Structures are given as C-alpha cells and as structure tokens.
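Under numbering that gives the first Met the number 0, the residue at position 143 of the sequence shown is numbered 142, and the numbers go up by one with no gaps.
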Amino acid sequence: MPVKTLKSHLDKNKVKYVTIQHSVAYTAQETAQSAHVSGHEFAKTVMVKLDGRMAMAVLRGDDRVDLVLLRKVADADSAELAGEDEFRGLFPGVEVGAMPPFGNLWDQPVYVDEALAANDSIAFNAGTHSEIMRLAWQDYRRLVSPVVARLSADEPAAGG
C-alpha cells in the first residue's frame with residue numbers, strides 16, 4: 000500500500016494526521032530520532048507467525064516483542080518472528096520493514112502493546128524508510144481495532 004493509498008484511507012475516514020519526511024532510516028530508533036519523535040511514541044511493526052499465520056505485533060520503538068506473552072494473548076500454540084522472505088510480497092508498494100501498522104487493510108490480525116496504547120498519539124512508518132505519519136491513538140484504534148495487551152519484554156531492545 001503506497002503512502003498515497005494510506006493517506007486516502009485516513010482522509011476517507013476523516014482522520015487528522017501529520018506526515019513527516021526524514022532522512023532514510025531502517026531501525027525504529029533511527030527513524031524516531033531522524034523524525035524527532037520519541038521512541039515511546041514511535042510504533043514499530045514486527046511481523047510474526049501465530050500458528051503459522053502472519054500477524055502484526057506493534058510495539059514502542061524501543062521495546063521488543065515477548066513471543067511467550069504474544070502466544071498467550073493470541074491463544075496460539077506457537078508464536079515466532081517472521082523472516083523478511085516470508086512477508087516481502089504481502090505488502091505491495093511498501094518497502095520491506097516499513098509496513099504501517101494497519102494489518103486490517105491486509106486481512107491480518109494486529110496486536111498492540113499496552114504501553115504504546117497509553118500514548119495520546121501514535122507515529123509509524125508510512126510505507127517507506129523516509130516518511131512517517133502521526134495521528135491520534137483513538138483514531139488508530141477506531142480504524143484498526145487491534146487487540147491491546149502486554150506484549151513487550153521488560154527490557155528495551157538495544158538499537159531498536
């Protein structure tokens with residue numbers, strides 16, 4: 000989904016948002032720093048497989064997913080990180096690793112960490128490694144209807 004399509008989706012649903020251009024960055028922490036956004040507000044999308052099916056785990060940029068917690072929340076027998084080769088073709092027009100956390104648009108379940116949900120707004124990659132979007136958390140929640148639960152390990156991830 001190119002950025003234009005995501006913007007169109009937000010406009011159609013009367014969501015106010017801001018786009019921020021920044022220098023190319025690949026990790027969540029680099030992206031947040033480059034765009035001058037707090038790592039706690041920046042949402043990174045982690046692709047996971049729950050019982051072999053793709054899903055999105057969305058966490059603060061400086062957190063890491065706890066697969067045991069995710070497996071329990073999803074009531075799955077297995078939870079594992081997905082490799083880029085497993086999801087590369089699932090998001091046409093989107094750069095690998097820059098997926099916006101709108102799994103509902105690709106018929107994928109979305110699980111959001113409760114720490115990210117505590118923010119008033121959410122910022123995320125908008126389909127490229129050089130543009131992010133920011134919008135109100137309540138608007139994101141209304142459009143995506145994610146499962147919100149504790150998903151992150153106690154220790155922040157090193158390097159994003």
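Note that beta-carbon positions come from the ideal geometry of N, C-alpha and C, so glycine has one too.
Only a predicted model underlies this, so the values are computations on that prediction, with no experimental measurement involved.
Three-way DSSP call (helix, strand, coil) for residue i in this model
| i | result |
| --- | --- |
| Ser7 | helix |
| Phe90 | coil |
| Val23 | coil |
| Ala116 | helix |
| Ala156 | The pLDDT assigned to Ala156 is 46, lower than 50, so where the model puts this residue is not dependable; a value taken from the coordinates is nonetheless given after this. Residue state, collapsed to three classes: coil. |
| Val143 | helix |
| Glu40 | coil |
Start and end residues, alpha helix (DSSP H) containing residue i
| i | result |
| --- | --- |
| Leu150 | Element bounds for Leu150: n/a, residue is neither H nor E. |
Under 8 angstroms between C-beta atoms of residue i and residue j
| i | j | result |
| --- | --- | --- |
| Asp148 | Tyr110 | Here residue 148 turns out to be Ala, not Asp, going by the sequence shown. Contact: yes. |
| Tyr16 | Arg140 | no |
| Val14 | Asp138 | yes |
| Ser165 | His21 | The shown model of the chain, from 0 to 159, leaves out residue 165, and the question about it has no answer. |
| Leu115 | Ala42 | yes |
| Met112 | Trp136 | Position check: residue 112 holds Asp in this sequence, whereas Met was assumed. The answer is no: Cβ separation not under 8 angstroms. |
| Leu68 | Leu5 | no |
| Glu85 | Val95 | no |
| Met98 | Thr18 | no |
| Val23 | Val47 | no |
| His39 | Asp61 | yes |
Endpoints, the beta strand (DSSP E) within which residue i is located
| i | result |
| --- | --- |
| Ala122 | 120-124 |
| Leu68 | That residue, Leu68, is in no beta strand (DSSP E); its alpha helix (DSSP H) goes 66-72. |
| Met132 | 130-135 |
| Arg52 | 52-59 |
| Leu104 | Element bounds for Leu104: n/a, residue is neither H nor E. |
Indicate whether the contact test is met: 3 or more Cβ pairs, each with one atom in the stretch 70-77 and one in the stretch 116-123, closer than 8 angstroms. no
Counting beta carbon pairs with one atom in the stretch 96-103 and one in the stretch 53-60, are three or more of them shorter than 8 angstroms? yes
State whether the stretch 76-91 contacts the stretch 42-53, with contact taken as three or more CB pairs (one from each stretch) at a distance under 8 angstroms. yes
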